[in-house]
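What follows is a short report on a single structure.
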Amino acid sequence: MQLHDAHLAARMRGILELQVEERYLRKIKKTIFLDWVCIFLIIMSGPVRVLFNVIPGYSCNIIIFLLYTSALFIWISQVKRRLLQNEECKFLSGVAALMLFLMAVRTIKFDFLPSGSVYARYAWYLYYVPQTLAVLWMFFAVLYIGKPYHYQLERKWRILYIPAFILIGGIMTNDFHQLAFRFPDGIQNWGMEYTRGLLYILAIGWIVIFCAMILVITFSRCAFSQNRRKIWIPMIPLGIGGVYTIIYILSPKGLFPSLYKMAEVICFIFPAFMECLILARLLPSNDSYMDLWQVSSVGGGLMDFEGNIFYSSEKCLPVKKEQIITAKRKTVLLSDEQTILRSHEVSGGWGFWYKDISDILKLNRNLEDVGDVLVEENAMLEGAIRLSEKKIKVEEKNQLYNEIAREVSPQLKELNELLDSLEQNNQDIREKLCYGGVLNVYIKRCSNLLIMSRQSGVLNVGELWLALSESLEYMRLYGIKAYGEKKGEGSFTEKMQFWYMSLLKRL
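Numbering (the numbering used here), first residue to last: 1291 to 1797.
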């Protein structure tokens, strides 16, 4: 029976793994397909430009803007679906919005503003606003790698906005100092020829430095060493951007810069760089859930509301939808009686996990055994205590009897001699019996007083008077004139017994 159950569990496990792997592969294929759609839309901007260049009177810029807008919306929808941190999504959504702003400014500059005008020049300066902020927000996004779900970015990072706005302000005021772009033919002919200055170099350096920092952070915080080997993947868009920049500087009228303008390449490079980080698993996402569950030492998985398991770890056990629902409210003990199930509702289904309680059960059994031993030892200890108490009481009684014997030993000896003399000589028998009565009452009352004093530590006046009055009565029988009177009630310490005994001895 156990062999059959194990075989059935193994088959169910195999079917479950195949289903999970199929869903995982479908999800990966969908992501890759949509990425290729975005690349296709961006590549199409080149042929569109060539096509519209041969058709006089028409502009390609609006079509290109729509192509890039579609690609960016597809990409950001993918990002929101896959990224784990809400703040990461916000920053990357901001990057996409900045890229849309860049494409919108470029479209307005070429299609709606007079060529060579002041407005067109400032629209050109505006290009550097989104690209300066975009790379900063990309850097902020990767700072969330390895942080808790509700982590908030530390305030100290906001200081980076200061150099960013200084760069933006410097470029936007280039007309006054020309530190970013210099115009040899005068600022009125800015569109004819220009050279790049220190601020431009700083703006490019800003982008390069932050891209390098992003690579360093994602590489250092990557939890899986095999993913670090994929660092070359995000370097591909950076390499494309670097090659394009060199070609653009050396030959701005060349074939490639003519097909794809600088603003368009920037709108491709930044999102492509972040997407490659996600594909390389350097930026954690839902796409890497399969790997996460496979390397996880915790048994568990994700189930949708229809009861289909999407992800599971290697230690995942067969589980039913009803058990998952019950496990939300209370712990469910599985059939092996050594594993408990718990679950929590998440978006689209439930997350569930197992906990092996075999060690806890073993510990409980050991505690029960120890408890039984303690009960036995406690019973033995109680018996030993009772025996010890009895022994102490016997010893106390023996000490009391020995003390009584020592105290009345002379009187007992004298009484025995008196009784022996009666057997040998019957003369003065009455006198001897009366004297024997005096000795006997002394022995009796002395013993009683010793016992009472040891029990309570005090003597009642009434008891002491009874002892004294009985002794006086026997003395009168013996012929001794004796009289006593009691006044009042009370109690005395045990020392009064010695007074009584010494008094009788003197009498």
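Using N, Cα and C, we set each Cβ at its ideal position, and we do this for glycine too. Since we're looking at a predicted model, the values are computed, not measured.
Cβ pair residue i, residue j closer than 7 angstroms
i, j, result
"residue 1385", "residue 1424", "yes"
"residue 1454", "residue 1422", "yes"
"residue 1511", "residue 1435", "yes"
"residue 1447", "residue 1381", "no"
"residue 1572", "residue 1508", "yes"
"residue 1342", "residue 1393", "no"
"residue 1524", "residue 1563", "yes"
"residue 1643", "residue 1614", "no"
"residue 1550", "residue 1336", "yes"
"residue 1458", "residue 1419", "yes"
"residue 1489", "residue 1502", "no"
"residue 1318", "residue 1338", "no"
"residue 1804", "residue 1481", "In the structure as shown, the chain starts at 1291 and stops at 1797, and residue 1804 therefore has no counterpart that could be examined."
"residue 1368", "residue 1324", "yes"
"residue 1500", "residue 1558", "no"
"residue 1737", "residue 1694", "yes"
"residue 1701", "residue 1733", "yes"
Cross-strand partners of residue i (DSSP beta bridge)
i, result
"residue 1646", "1629"
"residue 1233", "Because residue 1233 is not part of the residues shown, which for the chain are 1291 to 1797, the question remains open."
"residue 1471", "1486"
"residue 1575", "1373"
Residue i, DSSP secondary structure in three states
i, result
"residue 1640", "strand"
"residue 1500", "helix"
"residue 1535", "helix"
"residue 1395", "helix"
"residue 1480", "coil"
"residue 1304", "Only weak support exists for where residue 1304 lies, its pLDDT of 46 falling under 50; the value from the coordinates is given anyway. DSSP places residue 1304 in helix when its eight states are reduced to three."
"residue 1512", "coil"
"residue 1613", "helix"
"residue 1406", "coil"
"residue 1779", "coil"
"residue 1542", "coil"
"residue 1438", "coil"
"residue 1422", "helix"
"residue 1607", "coil"
"residue 1444", "coil"
"residue 1771", "coil"
"residue 1417", "coil"
"residue 1433", "coil"
"residue 1551", "coil"
"residue 1292", "Low local confidence applies: a pLDDT of 42 at residue 1292 is under 50, so the model's placement there is unreliable, with the coordinate-based value given in what follows. DSSP places residue 1292 in helix when its eight states are reduced to three."
"residue 1463", "coil"
"residue 1596", "coil"
"residue 1570", "coil"
Of the residues the options, the one placed nearest residue i, counting alpha carbons only
i, options, result
"residue 1266", "1725, 1740, 1739, 1506", "Because the chain is modelled from 1291 through 1797, residue 1266 falls outside the range shown and cannot be assessed."
"residue 1504", "1699, 1560, 1668", "1560"
"residue 1456", "1335, 1684, 1493", "1493"
"residue 1491", "1476, 1460, 1479", "1460"
"residue 1390", "1372, 1405, 1366", "1366"
"residue 1332", "1568, 1556, 1594, 1501", "1556"
"residue 1487", "1496, 1464, 1478, 1357", "1464"
"residue 1708", "1692, 1730, 1693", "1730"
"residue 1477", "1418, 1451, 1412", "1412"
"residue 1565", "1759, 1635, 1431", "1431"
"residue 1322", "1345, 1372, 1638", "1372"
"residue 1770", "1542, 1395, 1664, 1721", "1721"
"residue 1498", "1483, 1531, 1479", "1531"
"residue 1591", "1631, 1445, 1625, 1616", "1631"
"residue 1596", "1638, 1620, 1552", "1638"
"residue 1594", "1633, 1345, 1765", "1633"
"residue 1402", "1753, 1711, 1351", "1351"
"residue 1552", "1692, 1700, 1397, 1361", "1397"
"residue 1554", "1522, 1362, 1775, 1772", "1362"
"residue 1442", "1405, 1378, 1462, 1451", "1378"
"residue 1399", "1417, 1383, 1612", "1417"
"residue 1357", "1758, 1344, 1328", "1328"
"residue 1766", "1741, 1723, 1735, 1777", "1723"
"residue 1768", "1387, 1757, 1719", "1719"
"residue 1589", "1647, 1540, 1574, 1612", "1647"
task: Entirely within the stretch 1653 to 1724 and at least 4 residues each: give me those alpha helix (DSSP H) ranges in chain order.
output: none
Worksheet item: Which whole runs of the alpha helix (DSSP H) in the stretch 1328 to 1362 are 4 residues long or more, in chain order?
Response: 1335 to 1343
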